[in-house]
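Count along the sequence shown starting at 1, add 271, and that's the number in the numbering used here. A short write-up of the structure that comes next.
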Amino acid sequence: MARTVAEKNPGEYGFDDTSLRAMGGEPAVRKLVNHFYDAMESNPDAQRIRSLHPATLDLSREKLTAFLTGWLGGPARYNERWGVIRIPQFHGHLPISPVERDAWLACMQQAVDQMKIDSAFRSYFMREIARPADRCVNRASDESISAGWD
Ligand code: HEM
272 MARTVAEKNP
282 GEYGFDDTSL
292 RAMGGEPAVR
302 KLVNHFYDAM
312 ESNPDAQRIR
322 SLHPATLDLS
332 REKLTAFLTG
342 WLGGPARYNE
352 RWGVIRIPQF
362 HGHLPISPVE
372 RDAWLACMQQ
382 AVDQMKIDSA
392 FRSYFMREIA
402 RPADRCVNRA
412 SDESISAGWD
């Protein structure tokens, strides 16, 4: 299983459940994910990645909330319900170039900006979430047009 933020980043936030607590606990992760998918639905730059998702986002919201809870050092909610997931491999069938990665991260930035959290943690969170996002990139920018969008 992928290592959690807590395992990889010893420091002010990256151990035990410090990151989850800095976010505001499990209810705050749900709030973050709701902001994230709301941003994806409304941000014009995110329409291509929105269209890769199912028509309704209820399950996507559930799954990302569950995943991020564990990734932030909390209980492994995703694994409890759906088993092991490896983020880059899971996204392997999706056309993700740096353009889609940046759109995804922009939605996450919009979401995290709406959270009442410490600004140092906000920067830390965005820095850390950019790592798995980068590992989801599986093609060059100019390939996304011919591979997924014609
Ligand atoms: C880099 C840009 C990314 C794009 C374009 C993207 C896109 C998607 C799409 C389209 C789905 C829905 C797939 C489906 O239901 O068939 C999905 C699911 C998911 N994504 Fe991403 N994603 C990205 C990055 C990430 C990152 C960085 C994480 C975690 C840190 C993540 C976590 C998840 C999870 C947990 C699911 C649900 C998995 C499941 O269905 O069991 N994604 N993503």
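Heads up, the beta-carbon is just placed ideally off N, CA and C, and yes, glycines get one too.
If you draw a straight line from the C-alpha of Met379 to the C-alpha of Phe286, how long is it?
22 Å
Go ahead and label Trp342 buried or exposed: buried means 16 or more other beta carbons lie within 10 angstroms of its beta carbon, across all protein chains shown.
Around the beta carbon of Trp342, 16 or more other beta carbons sit within 10 angstroms, so the residue counts as buried.
Quick one: Cα of Arg332 to Cα of Asp384, how far?
18 Å
May I ask you to check if the CB of Leu291 is nearer than 7 Å to at least one heavy atom of the ligand HEM?
no
Within the present structure, is the beta-carbon of Ile388 separated from the nearest heavy atom of the ligand HEM by less than 7 Å?
no
Figure out for me which residue from Val370, Pro366, Arg348 has the closest Cα to the Cα of Leu291.
Arg348
Rank Thr289, Pro298, Glu414, Arg406 by C-alpha distance to the C-alpha of Phe361 and give the top, closest one.
Nearest C-alpha to Phe361: Arg406.
Straight-line gap, Asp413 to Ala391 (C-alpha atoms, nearest Å):
35 Å
Other residues of its chain near Pro359: CB distance less than 6 Å, five sequence neighbours each side excluded
Arg406, Cys407
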